[in-house]
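Going letter by letter, the sequence shown gives residues -19 to -1, 1 to 600 in mature numbering (1 follows the signal peptide of the UniProt record, and there is no 0). Even glycine gets a Cβ: it sits at the ideal position worked out from N, Cα and C. Being a predicted model, the structure only gives us computed values, none of them experimental. For reference, the structure discussed in these notes is given below.
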Amino acid sequence: MRRWLCGGLLWLLPVLAMAQAVPVQQPGAGGRDLIGHLTYLDDTGANLTLEQVQAADRAGRFASPPPAKGALSFGFTRSAIWLRVLLHNPGAEPSAQMLEVPNALISQVALFAPDARGAYHATYTGGDLPFATRPYPNRQLVFPLEVPAQSEQVLYLRVQSTIGLLVPVELWNSNDFVEHTRDDYAVQAVYFGMAAAMVLFNLMLFIALRDRIYLLYVSFVLCSAFVLARKGGLAGEFLWPDTLVWSNTSYYGGASLALIAFLMFTRRMLYTATLLPRVDRVLVVLALLHLVAVVGYGVKIETVSRYALVLFLVTAVVSMSVGFWGVYKKMRSAYFYMGAFAMLLLGGVTTVARTMGWLPSNTLTVDGLQLGSSLEMLLLAFALADRFNQMRRDKLKAQGELMTTQQQLLDSVQASERTLALRVEERTQQLQALNDKLEALSMVDGLTGIANRRQFDQVLQKEWTRMQRLGQPLALVMVDVDWFKQYNDQYGHQAGDECLRAIAQAILGISRASDLVARYGGEEFVMIAPATDRADALRMAQRACDAVQALALPHTYAEMGVVTLSCGVATVVPQQQHTPEALLRSADEALYQAKAAGRNQAVLAPAEPGGPDDSPESP
């Protein structure tokens, strides 16, 4: 007797489950998961009519699915699945409800709902149908309902898909659903805005640095965002609302292209071609298999997608293994790689496992791929920045080591030359010639100990550029020793050399730290005075004349009886129309005027060197 009682109870369970009514959602209650209130019928031939389904319902052929939360997973099936739910409105007013199927990848979804007279009407939509078929404009599959007051309604949902069939069903109050939609689209905008920012930033880095790893990252982010847009229904809403060709093919094709870019990125980030050549070949083979899969999706997606899911998992396992190897080897880039891509790979594995029915549906598994992609984009941006900084540090270190090596080599060569000079007498003349050449190329005048002509030319160009940038005047004083040839003839060249040395030190003594005193050639000297106006430059030249005259070097040929100077002074605020050569010519012309006017004086050139109407000025 007990056996018959238990058997009868088990037979009544489906009937009791079907009889359980779901009350309509009240405002403020949010969404309600209907999975626990659904019964289903497997239409293996996908050819049952509504009347046949209702007859099966009355015959008790609808079964309760296995316990699940969030979604019913039917895996890869060619069957059409009929779902039944009983809604109840105990209120005194009709209730506006929203029935949401938050999976835009389902190929076909049909809702059969009764009107006020009890006649059923069908609404057809789905991921393989144009967006215009949506009864409510939303990225997900949403059906508006109105449940009459104090009544019950039996709803039938027919779902069918060319890929893995995962069916979440939720019930919303219409007002709550409007608020939910607003928040949902705001989250989507944040994610895709972040993706766009990462794409633009790294694309600019690629253009600037010409490093292909940034282009691979951009490709990966673009494909990942595309896949998530297709998965979340945004692509069907905004990109191709009237196109049926892409549908599920674009979803799997985008995922394969994203993983191709990801594998190529992994090779460059972790240097597998150099450090792990065998594993690198595995990564290349996986990328080629994904490329073949992209072609296969367009031929027969139902079959290829099954194998593609396995390929996705293999790619995740291999990539994570390479990342763990890099961490084990203490590669700095591997830490960022694992931190960034572990989030995305975990989200991808979670999504695949949920599609296969291996994991339950919840917030983490439903949006796992998008959450992982968001974290990946942020962390990987730091990874690329660290990679750039590390490469820069390595470059500077290599340059430092190269300079050290060069210096050591130079020291070694110099030591060898010194040793060779001591041991081999025949090399003495060659070394002496080399020393003479180096001395000639040096920056110091060998006789006077002040700057030579070569240093003067360099400093003039440098100060010209600096004063032009600062908008400050640059003064030039050309100095010539009066009657120096006669001094040499009378006192001898040795005395002439001593005279030049004394004059050089005297001019150097009246100059400032920022000035340059140089021997221009023979008995001519030159002084560069930056940030010096005409009056100060003229006074400086006059002090030079006074300082040399104060030396009281006897010179019987000179009018004063001692050695004197003649100075030509020119100043200019360097501009585009001016040149250093013109300033030199102006100072030289002023020097010529000083000599013509009787020597032992300083003459100031016109304000604009080379001006046609200017004439020299004398203090």
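Measuring only the C-alpha atoms, how far is residue i from residue j?
i: A36; j: L110; result: 29 Å
i: E81; j: L340; result: 21 Å
i: S45; j: Y101; result: 23 Å
i: D470; j: Q439; result: 34 Å
i: P597; j: P561; result: Only weak support is given to the placement of P597: the predicted model assigns it a pLDDT of 41, under 50, and the value that follows is read from those uncertain coordinates. Spanning the two alpha carbons is a distance of roughly 19 Å.
i: G307; j: A85; result: 38 Å
i: G592; j: V553; result: Confidence in G592 is poor, its pLDDT being 40 and thus under 50, which makes the residue's placement unreliable; the coordinate value appears in the next sentence. The straight-line gap from Cα to Cα measures roughly 12 Å.
i: G277; j: Q6; result: 44 Å
i: Q141; j: T20; result: 16 Å
i: A588; j: I484; result: 28 Å
i: Y233; j: Q380; result: 47 Å
i: H271; j: S88; result: 23 Å
i: L532; j: A456; result: 25 Å
i: S237; j: Y288; result: 12 Å
i: V280; j: N229; result: 12 Å
i: A52; j: E218; result: 23 Å
i: V265; j: M245; result: 8 Å
i: G320; j: V3; result: 44 Å
i: P116; j: F124; result: 6 Å
i: V498; j: S314; result: 56 Å
i: L361; j: L391; result: 44 Å
i: K576; j: D496; result: 24 Å
i: N119; j: T162; result: 8 Å
i: D461; j: Q411; result: 37 Å
i: M179; j: G41; result: 55 Å
i: G99; j: M175; result: 49 Å
i: M79; j: E127; result: 9 Å
i: L(-11); j: L29; result: Per-residue confidence for L(-11) stands at a pLDDT of 38, beneath the threshold of 50, marking its modelled position as unreliable; the derived number appears in the next sentence. Near 29 Å, if we compare the C-alpha coordinates of L29 and L(-11).
i: V159; j: T253; result: 50 Å
i: W221; j: F57; result: 26 Å
On a Cα-Cα basis, can you pick out the residue from the options that is closest to residue i?
i: A73; options: V168, P129 and Q121; result: P129
i: F182; options: T446, A487 and L359; result: L359
i: R450; options: L481, L546, V462 and Q556; result: Q556
i: I194; options: F322, A100 and R249; result: R249
i: M324; options: R482, A539, F317 and L356; result: L356
i: R262; options: S300, G235, F293 and L294; result: S300
i: L122; options: A103, A91, D461 and R98; result: A91
i: L292; options: V303, E283 and A274; result: A274
i: Q582; options: Q78, P4 and M541; result: M541
i: A525; options: L534, T537, P95 and I488; result: I488
i: V303; options: A268, A289, T247 and E283; result: T247
i: residue 640; options: N28, S423, W221 and P149; result: Residue 640 is absent from the model: the chain starts at -19 and stops at 600.
i: M372; options: T58, V199, D192 and A113; result: D192
i: Y316; options: H559, A297 and D367; result: D367
i: Y198; options: A189, A242 and A216; result: A242
i: S423; options: G473, Q436 and G108; result: Q436
i: A571; options: R580, C548, Q558 and H559; result: C548
i: D23; options: P83, L64 and A254; result: L64
i: A268; options: L257, L256, A297 and I282; result: A297
i: F43; options: Q33, A402 and A49; result: Q33
i: R520; options: R493, S205 and E407; result: R493
Can you tell me the Cβ-Cβ gap for residue i and residue j, rounded? I've got them flagged as a contact below 8 Å.
i: Y510; j: A518; result: Going by the sequence as given, residue 510 is Ala instead of Tyr. Indeed they touch by this definition, with Cβ atoms about 6 Å apart.
i: L146; j: F55; result: 4 Å
i: A512; j: Q453; result: 4 Å
i: A539; j: T545; result: 6 Å
i: M459; j: D527; result: With 8 Å as the limit, M459 and D527 do not qualify as a contact, their Cβ atoms being about 17 Å apart.
i: L365; j: M312; result: The Cβ separation is near 15 Å, so there is no contact.
i: P71; j: Q131; result: 6 Å
i: F201; j: A239; result: 6 Å
i: G9; j: D157; result: 7 Å
i: L67; j: L152; result: Going by Cβ atoms, the distance from L67 to L152 rounds to 12 Å, so no, they are not a contact pair.
Could you tell me which residues DSSP puts in a beta bridge with residue i?
i: Y101; result: P95
i: M508; result: V458 and V498
i: R65; result: T20 and Y137
i: G56; result: L146
i: L126; result: Q78
i: A44; result: Y21
i: P83; result: In DSSP, P83 forms no bridge with anything.
i: A583; result: C548
i: V3; result: L68
i: T106; result: V90
Quick check: does the Cβ of residue i come within less than 8 Å of any heavy atom belonging to the ligand COA?
i: A571; result: Of the ligands one can find in the structure shown there are none, so the ligand COA has no counterpart to examine.
Check whether the Cβ of residue i lies closer than 9 Å to any Cβ atom in chain B.
i: L572; result: Here chain B cannot be found, since the structure has a single protein chain.
Practice item. Tell me the start and end of each unbroken beta strand (DSSP E) in the region 11 to 41 that is at least 3 residues and wholly inside, in chain order. Key: 20 to 24
Point to revise | In chain order, each beta strand (DSSP E) run of at least 3 residues that lies wholly inside the region 541 to 566 | key: The qualifying runs are 546 to 553.
**Study point:** Within the region 247 to 308, ranges of the beta strand (DSSP E) (whole runs, at least 3 residues)
**Key:** none
Exercise for review: Run through the region 211 to 236 for me and flag every whole beta strand (DSSP E) of 3 or more residues, listed as ranges in chain order.
Suggested key: none
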